[in-house]
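Residue numbers for the sequence shown follow the numbering used here, so the first one is 94 and each next one is one higher.
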Amino acid sequence: MLFIIFLATISACKKTSNFSYTKDIKIEILLSDDEGFDLFDPESYTYYSPDSIKIFYIINDLEVEINNPLLKPPRNFYVNYASERYRLQLFPNHEVSEEFPVTLIKLNKTITDTVRCGYERNPGSITCTKVWYNGDIVWQKNTPDQARSFEIIK
C-alpha cells in the first residue's frame, strides 16, 4: 500500500518550466556583381552554388565548420527566392565568449567573406543589432521591426 501511495505521489509531481530562449540573429544577404547580376541565381554565369558554400565560426581563434545534420538548416544557412531575388539566409556566429563573433562564408574554394555581428544579450534572448561585412558596417538596427537585410556588390 505504501508503494502505491509513493508511486502516486511521484507521478503527481510535474516539472514545469516557463523558460524560453529567443534567438533573433538571422541575416539576409543579397549578392550581386558590378553589372547587377544576382550571384545566387542559378541562371547567372557567376553563380555561387549553395552546395559549394561553407560556413565557419571563429571560436577561440579556431575555424569551426558548421555542419550539423540535426539542425535545420544543417550548415546554418540556406538560399531562398523571394521578391524576385535569391537571398542567402545566414544564422551567424553568436558565441557568448566573443564580443563581436565572426562568421566566415566560404563562397567557393578561393573566395571567403567575413561577417561580424554585434548583439544585445539578455537573460532570455539574443538579438543581432549590428552587422559588418568584410570590415564595413552594412546594417544597424534602427527600429524594432527593421529587416536584417543588405546587398553586397562584388
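Glycine included, each C-beta is placed from N, C-alpha and C at the ideal position.
DSSP state of residue i mapped onto helix, strand, coil
| i | result |
| --- | --- |
| LEU123 | strand |
| LEU200 | coil |
| SER218 | strand |
| ASP211 | Looking at the sequence shown, residue 211 is not Asp but Gly. Strand at GLY211. |
| LYS147 | strand |
| THR139 | coil |
| LYS223 | strand |
| VAL195 | strand |
Span of the beta strand (DSSP E), counted from its first residue to its last, around residue i
| i | result |
| --- | --- |
| ALA175 | 170-175 |
| ARG241 | Per DSSP, ARG241 belongs to no beta strand (DSSP E) and is neither H nor E. |
| TYR179 | 178-183 |
| VAL231 | 229-233 |
| LEU155 | 155-158 |
| ASP117 | 115-117 |
Close Cβ partners of residue i (< 8 Å) along its chain, the five nearest in sequence each way excluded
| i | result |
| --- | --- |
| ARG180 | GLU121, ILE122, LEU123, PHE133, VAL172, ASN173, TYR174, SER242 |
| TRP232 | ILE120, LYS223, VAL224, ARG241, SER242, PHE243 |
| GLU158 | LYS147, ILE148, PHE149 |
Same chain, Cβ closer than 6 Å to residue i, five either side skipped, listed in chain order
| i | result |
| --- | --- |
| GLY211 | PHE193, THR222, LYS223 |
| ASP206 | ILE198, ASN227 |
| PHE96 | At PHE96, the pLDDT of 42 sits below 50, so the modelled position is not reliable and the matter cannot be decided from this model. |
Whole-angstrom C-beta distance between residue j and residue i, which should lie under 8 Å
| i | j | result |
| --- | --- | --- |
| THR139 | PHE149 | Contact flag wrong, Cβ pair sits at about 23 Å. |
| ASN160 | LEU183 | Rounded, the Cβ-Cβ distance is 14 Å, inconsistent with contact. |
| ILE118 | PRO185 | 6 Å |
| THR220 | GLU213 | 5 Å |
| SER142 | ILE246 | That belief does not hold up - the Cβ atoms of SER142 and ILE246 are roughly 20 Å apart, past 8 Å. |
Residue i: CB within 6 Å of a non-hydrogen atom of the ligand SAM
| i | result |
| --- | --- |
| ILE148 | The ligand SAM is absent from the structure shown, which contains no ligands of any kind. |
Burial state of residue i, where buried means 16 or more other Cβ atoms lie within 10 Å
| i | result |
| --- | --- |
| THR208 | For the record, residue 208 in the displayed sequence is Val; it is not Thr. Label assigned to VAL208: buried. |
| TYR114 | exposed |
| ILE146 | buried |
| ASN201 | exposed |
Own chain, CB closer than 7 Å to residue i, minus 5 neighbours either side, in chain order
| i | result |
| --- | --- |
| GLU156 | PHE149, LEU197 |
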